[in-house]
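All remarks here apply to the structure that follows.
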Amino acid sequence: MPTQTERREATSGAIDEAARQLFETRGFSNTTVDDIVSRAGVAKGAFYHHYKSKEAVFTKVFERMLSALAHEVAKAAVKAATPVAMLRAGLRVYIEACDRSNVRQVLLIDGPSVLGWIRWRRIDDQYFGEMTRRTVTAALGPECDTRVRAGSCVVDCWSLRGGRYGERGGLEA
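If you read the sequence shown in the working numbering, its first letter stands for residue 850, the second for the next number, and so on.
Structure representation (structure tokens):
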């Protein structure tokens, strides 16, 4: 017989997985809490036992996806021989990931609009900030303004791939 902790983790996991699938395919605004609990096979009360709101579960999905992407980027970058090659390898993985519809929807379209631009940037900085600043500094030298260069580099690359800023400040396909 499963323990209370195991049941709680199973319920939370089912909610998280259902929310992830729906946010990736439908987007945040086209997903309701009812959709999430229906897909997860749990009661609405169970959802609100684990999360205050749809925004709260979105934040968890967003952070997990961003963490996985940061891991992918670091794994590719660490194989490179020079800081410039590390930047190229990491950025290639990042841009290729952003070309995937699920990543683009959650991280670049819904992320800024649901979380707000400032919070979105803070969370992104937790996963990519220090890694990017260290690599840019190693490539360009310590006198460069790494915050400006690193942030504009990602946005510029997204723009070159056909992305644009949305009405609410986020990046759109």
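Note that the Cβ used here is the ideal one computed from N, Cα and C, for glycine as well. Here the structure is a predicted model, which means the values were calculated and not measured.
Three-state class that DSSP yields for residue i in the structure shown
i, result
"Arg857", "helix"
"Arg869", "helix"
"Met980", "helix"
"Met850", "coil"
"Gly894", "helix"
"Arg929", "With the sequence shown as reference, residue 929 is identified as Ala, and Arg is not the correct amino acid for it. Ala929 falls in the coil class under three-state DSSP."
"Asn951", "helix"
Beta-carbon proximity of residue i to residue j, cut-off 7 angstroms
i, j, result
"Asn951", "Glu866", "no"
"Tyr976", "Ala917", "no"
"Val906", "Ala868", "yes"
"Phe877", "Asp959", "yes"
Environment of residue i [buried if 16+ CB atoms lie within 10 Å]
i, result
"Pro991", "exposed"
"Gly890", "exposed"
"Tyr943", "buried"
"Pro851", "exposed"
"Ala930", "exposed"
"Arg856", "exposed"
"Trp969", "buried"
"Gly894", "exposed"
"Thr854", "exposed"
"Arg875", "exposed"
"Arg913", "exposed"
"Tyr900", "buried"
Supposed contact pair residue j and residue i - C-beta distance, whole angstroms, cut 8 angstroms
i, j, result
"Phe911", "Val955", "6 angstroms"
"Glu921", "Val963", "23 angstroms between Cβ atoms; not a contact."
"Pro932", "Ala892", "With a Cβ gap of about 52 angstroms, Pro932 and Ala892 do not count as contacting."
Quiz item: Below 8 angstroms, can you find three or more Cβ-Cβ pairs linking the segment 935-945 to the segment 918-926?
Solution: yes
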